[in-house]
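Each position in the sequence shown, counted from 1, maps to that position plus 3 in this note's numbering.
Here a beta-carbon is modelled for each residue, glycine too, at the ideal position from N, C-alpha and C.
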Amino acid sequence: MTSAKLAETANALVADGKGILAADESSPTIKKRFDGIKIASTEENRRDYRDMLFSTPKANRYISGAILYDETIRQKAADGKTLVAKLKSAGIIPGIKVDMGAKPLAGHPDETVTEGLDGLRDRLKEYAKLGARFTKWRGVYRISDAAPSPACVIANAHALARYAALAQEAGLVPIVEPEVLMDGDHTIDVCEEVTEEVLRSVYAELANQNVWLEGTLLKPNMVISGKDCPEQAGVAEVAERTVRCLKRTVPAVVPGIVFLSGGQNDELATEHLDAMNKLGNLPWKLSFSYGRALQAAPLKAWSGKAKNLAAGQAAFLERAKANSEAATGRYA
Ligand code: 13P
């Protein structure tokens, strides 16, 4: 019963031409985004912004689920309805970020391990009661001469797998998110090598912890050149290398892979996804779980003003539609 429910949710999240809106920015992160449009990060502004996105008419043509932050899953919109109820009535599956953030890894300067396992079983139960059907946990890996260290790779894989097992026990689909950051001047070769090592360790640990892969989704980075690398790989190369790396490491029973955008510009994030799907012959669905690449345009169009609600929603729908097309390799 639980397995059937997990598989049903996982498959619904990657239904044809659909992907996920990551709207789970922590309070410090959403403040950074709001600073960019010069509005205060008040509880009311955060609520109204997320309500604007979630209430976008026809968004569920392109968006299967939305990942919320702890504050958001408890919030009521100005009209008195909970944001979760609004998502459900819009045909969008509510999800929740359950990690407590990437914290410094002792003994390993500039590396992090994601925390939040203590008490997670009880928090998951509460989130399920609040209406969540899936969850997310993000491990973060920085590339430098010394990083990621084996300690960082092992610690994050272990935490991701422990989390995933607990989420499934609570009947919630775990999105497993190991993010190799694009920060740095490393080449795409290095990104591919590190991403492959990270994914191998994650799937080994998921197996150790008895995670049922059919009831999971993977949320990885794409294989791309470091942000400051003088030589930037083109779209075709990114697509080929990312798919090759995933085929080497991700079992075919995983129903879907939903990429993070990680700081890529909106248009490029869409083109990369489209190019991968155009390659065809893939064992899993390849779709999106973008934060910034879906939200940058609507955030700017809305700019914190009620009168810009429709403009914000139009900008969101446009990005969602483009990525929906990319998720089936039909983006022009
Ligand atoms: P970005 O697409 O902005 O990387 O956000 C996705 C996400 O959920 C990061 O944890």
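Measuring CB to CB, does residue i end up less than 8 Å from residue j?
i    : j    : result
V17  : L221 : no
T117 : G98  : no
G265 : I146 : no
I108 : W140 : One detail in the question is off: residue 108 reads as Leu in this sequence, not Ile. Not in contact: L108 and W140 (Cβ atoms no closer than 8 Å).
A62  : A93  : yes
V261 : I23  : yes
A318 : A335 : no
I76  : L169 : no
V176 : R136 : yes
P286 : A330 : no
R36  : L302 : yes
S290 : K21  : yes
T198 : N224 : yes
L120 : R165 : yes
Y72  : K91  : no
Q171 : L9   : yes
Could you give the C-beta distance for residue i and residue j, rounded to a whole number, given that I count them as a contact under 8 Å?
i    : j    : result
G294 : A304 : G294 to A304, Cβ: 17 Å. No contact.
Y144 : P181 : 7 Å
A80  : K89  : 6 Å
R333 : D269 : Going by Cβ atoms, the distance from R333 to D269 rounds to 18 Å, so no, they are not a contact pair.
I227 : C248 : Not quite, the Cβ-Cβ distance comes to about 11 Å (not below 8 Å), so this is no contact.
S292 : L263 : 6 Å
K128 : A173 : 6 Å
E208 : P258 : The pair is not a contact, with the Cβ atoms about 19 Å apart (cut-off 8 Å).
I296 : Q267 : The residue asked about is misnamed: residue 296 is Ala in this sequence, not Ile. Indeed, because the Cβ distance is near 6 Å, the residues count as touching under 8 Å.
A131 : I95  : Not a contact, Cβ separation roughly 17 Å.
G307 : I42  : 3 Å
C1   : D188 : Past the edges of the chain, shown from 4 to 335, lies residue 1, and the structure says nothing about it.
Given that a residue counts as buried once 16 or more other Cβ atoms are within 10 Å of its Cβ, and exposed if not, what is residue i?
i    : result
G122 : exposed
G142 : buried
V238 : exposed
V214 : buried
S67  : buried
T5   : exposed
N280 : buried
G83  : exposed
T138 : buried
A272 : buried
D192 : exposed
N159 : buried
T245 : buried
S327 : buried
D54  : buried
S30  : exposed
A150 : buried
A242 : buried
E11  : exposed
E371 : Past the boundaries of the shown model lies residue 371; the chain is included only from 4 to 335, so the question cannot be answered.
E234 : exposed
A13  : buried
A325 : buried
Check each residue's C-beta against every heavy atom of the ligand 13P and list, in chain order, those closer than 5 Å.
Qualifying residues come out as A25, R141, L263, S264, G265, Y293, G294, R295.
Going along the chain, which unbroken runs of the alpha helix (DSSP H) with 4 or more residues stay wholly within the segment 46–129?
46–57, 73–76, 86–92
Extract the residue ranges of the beta strand (DSSP E) inside the segment 134–213, only unbroken runs of 3 or more that lie entirely within it.
137–144, 176–183
Quick check on the DSSP output: what are the complete beta strand (DSSP E) runs of length 3 or more inside the segment 223–311, in order along the chain?
Runs found: 259–262, 288–293.
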